[in-house]
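I have placed the structure first, in the form of structure tokens, so that the comments after it can refer back to it.
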Amino acid sequence: MRLSMDEIINAVCLNIAERKGIQPTDVTVQLAWEEDTGYTAEVWAQGRSQYLIESNLIEAILRYMFSEYNARVFREQVELIINDDVEEIQAIIHDN
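Counting from -18, one number per residue, gives the positions in the sequence shown under my numbering.
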């Protein structure tokens, strides 16, 4: 299974909203990849910004897969990639 960048952003929005007790529409996310830091996200919620690292993104994806697809996925099954064809960050969910 492959999650698009929009689905990863939705996963992060849902995760942050649940943790902060706010609406997912009140969360803004910008995904990034840099050679030094790997996959990250800058998240804005309640007037503040915070940075998430790859493990935080994967945690959000795991929760999203369970809540939206009723699929129990484990950390080692998730791989973040850059799809150059569509120029976006995607998540590959391996069957393991």
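Virtual Cβ for every residue (Gly too), placed ideally from N, Cα, C.
Note that the coordinates shown come from a computational prediction; the quantities given were computed from them, not determined experimentally.
query = Contact check, R44 vs N(-9) under 8 Å by CB: the rounded distance?
reply = Not quite, the Cβ-Cβ distance comes to about 11 Å (not below 8 Å), so this is no contact.
ask   = Name the DSSP beta bridge partners of V24, please?
value = V10, Q31
task = Measure how close the beta-carbons of L12 and A22 come, nearest whole angstrom, since I'm counting them as under 8 Å.
result = 5 Å
task = Throw me the rounded Cβ distance for the V(-7) and A41 pair, which I believe falls under 8 Å.
result = 5 Å
request  = With DSSP as the reference, please indicate the residues paired to E60 in a beta bridge.
outcome  = I73
ask   = When the distance is taken between beta carbons, is M(-14) closer than 8 Å to E69?
value = yes
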